[in-house]
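If you're matching them up, the sequences are chains S and B in order.
As numbered in the numbering used here, residues 1 to 243 make up the first sequence, in order.
As numbered in the numbering used here, residues 1001 to 1152 make up the second sequence, in order.
In what follows, a single structure is set out as structure tokens and then discussed.
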Amino acid sequence: MKRDDSALNSGDVAGETGSVPLPGGAEAGVNACWKATGVFGDGSCPELRRVVHCRNCPVFAEAGASFLDRPLPRDYRKEWTDHFSRSREPETPGNVSAVVFRILQEWFALPTAALLEIAELRTIHSLPHRRSGVVLGVANVRGELLVCVSLVHAFDMRSQPPDDARHAHHRLLVASWNGDRFGFPVHDVAGTERFQMQDVRPPPAGQARPEQPFTKGLVRWQRWSVSLLDPDLLFPALNERLM
Amino acid sequence: MLFVLFQAGKDRYALPATRVVEVTPMVSIRPLPLAPHGVAGVFTYRGRSVPAIDMSKLLLNTPATELLSTRIIVTEWRARDGRRMLVGLVAEHATELLRVDAPEASRTAAAVADSPFLGSVVMDAKGPVQLLLESQILPEPVRTLLAENTMP
């Protein structure tokens, strides 16, 4: 569902005074204690001893929920009335939802059935005796150790120039298939798209791509040719590399 | 059991999530002349004409304030003849879910025919929440209206 971004667009959401600008200039009296005595302030709030971080505190949660306690923006109702009055389009069978991501200069898609989450890229601790190769090491994801794998290695892309784009776009794709969980550092995540299986084609003859053994084929997306990965082929192969 | 929470005035209520088809933002509702108490009118939902009940009007006799947190909880019920009916409940502060473990709810339970603990009150961190009975949401006059107006 679309988020209402009007508060964000009108400047700092909870300004230094702790009040919240509303569309039309009216202000709600939200006491932004997290900016004063909380983790975003001087840390003097006594509740921190109990909740550790403001995001665990009911006061923070209530303030967040209270953002919705304001009048409907102009045109909001009309837009949504139009949206919900339309019949929902039936899903065409034979299509697959996949998350589209980039590694170096190539685009790939992983079916969302295999996707657990798209997480911030974080420190990957290398394993002893395994400092090079497909296995990068382990990372802490939600308190659990996740084995991270280099798709640059797995897809034999090491000869390509390194990614010099903004690191802000780098992510860790957490994926799972038949009980095998891996983290894949990627250079950019475009989002989830639906592809029709009939649009997935094998690569043109003579242009075999290194990741081909792990894909269902190529599919056109915007101006790119995206390799649609097949978890049934990729995950067992990665598992073998772990041994 | 999972519930969708909402408020009427300062009172908090809960609706079983199994009844909920979708929660939509406030859309335009066309008034129905001579509608029973609490019925706000009808709105178009996914190509169908669905009646809307204003829960604040029904439970407190004051119309719901139209804030971003006021939503329409589209719910599904069975008519007496077995037909599936959709009803939109205009509900204030429909922004949270509540999970209640069956043993906890039955501590304050009053045995009711279709569910062991609907109609009772549960407590959460913020205070009491009234679990609504079907008969409280769809009193007889409203049921009759629905039976007449529901498209098959």
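The beta carbon of each residue, even a glycine, is placed where N, CA and C say it ideally should be.
Owing to the predicted nature of the structure, the values given are computational and were not obtained by experimental measurement.
Local conformation of residue i per DSSP, three classes
| i | result |
| --- | --- |
| PHE155/S | coil |
| PRO1063/B | coil |
| LEU145/S | strand |
| THR112/S | helix |
| LEU48/S | helix |
| ASP199/S | helix |
| MET1026/B | coil |
| SER1056/B | helix |
| THR123/S | coil |
| THR192/S | strand |
| PHE214/S | helix |
| VAL1142/B | helix |
| ASP180/S | strand |
| GLU1096/B | strand |
| TRP77/S | The identity of residue 77/S in the sequence shown is Arg, whereas the question assumes Trp. In this structure, ARG77/S counts as helix in the three-state DSSP scheme. |
| ALA1125/B | coil |
| LEU22/S | For LEU22/S, the pLDDT reaches just 48, beneath the cut-off of 50, and the residue's location in the model is therefore unreliable, leaving the point undetermined. |
| SER10/S | Low confidence applies here, because SER10/S scores a pLDDT of 40, under 50, leaving its location unreliable and the question unanswered by this model. |
Under 8 Å between C-beta atoms of residue i and residue j
| i | j | result |
| --- | --- | --- |
| ALA1014/B | LEU1138/B | no |
| LEU72/S | MET1026/B | yes |
| PRO185/S | HIS170/S | yes |
| CYS54/S | GLY38/S | yes |
| HIS125/S | GLY133/S | no |
| VAL99/S | LEU116/S | no |
| ALA154/S | LEU146/S | no |
| GLY59/S | LEU104/S | Reading the sequence as shown, one finds Val at residue 59/S and not Gly. Result no, Cβ atoms of VAL59/S and LEU104/S do not sit closer than 8 Å. |
| PHE235/S | VAL96/S | no |
Start and end residues, alpha helix (DSSP H) containing residue i
| i | result |
| --- | --- |
| ASN248/S | No answer is possible for residue 248/S: it lies beyond the span of chain S, which begins at 1 and ends at 243. |
| LEU242/S | 231-242 |
| ILE1137/B | 1134-1137 |
| GLY64/S | 58-66 |
| ALA36/S | 33-36 |
CB contact below 8 Å: residue i versus chain B
| i | result |
| --- | --- |
| ASP75/S | no |
| ARG171/S | no |
| ASP4/S | Low confidence applies here, because ASP4/S scores a pLDDT of 47, under 50, leaving its location unreliable and the question unanswered by this model. |
| ARG55/S | no |
| SER159/S | no |
| ASP42/S | no |
| ALA63/S | no |
| GLY24/S | For GLY24/S, the predicted structure reports a pLDDT of 37, less than 50, and the residue's modelled location is therefore unreliable. A value from the coordinates is still provided. It does not: the Cβ of GLY24/S has no partner Cβ on chain B nearer than 8 Å. |
| ARG88/S | yes |
| ASP69/S | yes |
| LEU72/S | yes |
| PRO58/S | yes |
C-beta neighbour in chain S for residue i, strict 8 Å
| i | result |
| --- | --- |
| VAL1142/B | no |
| TYR1013/B | no |
| THR1024/B | yes |
| GLY1082/B | no |
| LEU1068/B | yes |
| ARG1046/B | yes |
| ALA1091/B | no |
| THR1075/B | no |
Environment of residue i [buried if 16+ CB atoms lie within 10 Å]
| i | result |
| --- | --- |
| PRO161/S | exposed |
| GLU211/S | buried |
| PRO46/S | exposed |
| GLU1092/B | buried |
| ASP42/S | exposed |
| GLY1088/B | buried |
| ALA142/S | Sequence check: residue 142/S is Arg here, not Ala. When all chains shown are included, ARG142/S counts as exposed. |
| GLU106/S | buried |
| VAL149/S | buried |
| PHE40/S | exposed |
| ASP75/S | exposed |
| THR1018/B | exposed |
| GLN1007/B | buried |
| THR1095/B | buried |
| VAL215/S | Per the sequence presented here, residue 215/S reads as Thr, with Val not at that position. THR215/S should be labelled buried. |
Partners in chain D for residue i, counting only beta-carbon separations shorter than 7 Å
| i | result |
| --- | --- |
| VAL1027/B | No chain D appears in this structure, whose protein chains are S and B. |
Residue i - containing beta strand (DSSP E), residue span
| i | result |
| --- | --- |
| ASP1011/B | 1011-1016 |
| ARG1078/B | 1071-1078 |
| ALA98/S | 95-103 |
| LEU1005/B | 1002-1008 |
| ALA1040/B | 1039-1045 |
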